[in-house]
Amino acid sequence: MDLFERKAQLIDVRERTEFDAGHILGARNIAYSAFKQRYPEIRKDQPIYLYDQNSMLSGRCAAILKKNGYKNIFILKGGYAGWDGKVKKGI
Numbered sequence: 048m049d050l051f052e053r054k055a056q057l058i059d060v061r062e063r064t065e066f067d068a069g070h071i072l073g074a075r076n077i078a079y080s081a082f083k084q085r086y087p088e089i090r091k092d093q094p095i096y097l098y099d100q101n102s103m104l105s106g107r108c109a110a111i112l113k114k115n116g117y118k119n120i121f122i123l124k125g126g127y128a129g130w131d132g133k134v135k136k137g138i
């Protein structure tokens, strides 16, 4: 079973155009530019894996989540650029 199927939330914090061009299979897009407004959509009862192109914005998003009581937050090392698993490519 894939790690991100049901046991965790995989959040891509890149902008929508980047997400649409290609993203990790099973990821949800909550762009960094809208993260402060949209983070409540993320469940507190499941681990959260954040990623962007190469992990710069993920740290900022993790800080927002921690400040708002979220736990089990992880940053995908190397971001999308370093991912070698399944991806969904855009057109």
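Going left to right, the sequence shown walks through residues 48 to 138 as our numbering numbers them. Even glycine gets a Cβ: it sits at the ideal position worked out from N, Cα and C. None of these values were measured; they are calculated from a predicted model.
| Check | Outcome |
| --- | --- |
| If you check the beta carbons only, do valine 134 and leucine 57 fall under 8 Å apart? | no |
| Taking the alpha-carbon positions, what's the serine 80 to glutamine 93 distance? | 23 Å |
| Looking at the secondary structure, which residues open and close the alpha helix (DSSP H) in which leucine 104 lies? | 103-114 |
| For glycine 69, list the residues DSSP reports as bridge partners. | Lys136 |
| How would you write the range of the alpha helix (DSSP H) that glutamine 56 sits in, first residue to last? | Segment 56-59 is the beta strand (DSSP E) holding glutamine 56; no alpha helix (DSSP H) there. |
| How do the segment 119-128 and the segment 94-110 stand: do at least 3 beta-carbon pairs fall below 8 Å, yes or no? | yes |
| Would you mind working out which of Ala78, Lys83 and Ile89 sits nearest alanine 55, comparing C-alpha positions? | Ile89 |
| Taking phenylalanine 82 as the reference, give the member of Asp67, Gly69 and Glu62 with the closest Cα. | Glu62 |
| May I have a chain-ordered list of the alpha helix (DSSP H) segments no shorter than 4 residues that lie completely inside the segment 76-105? | 82-85 |
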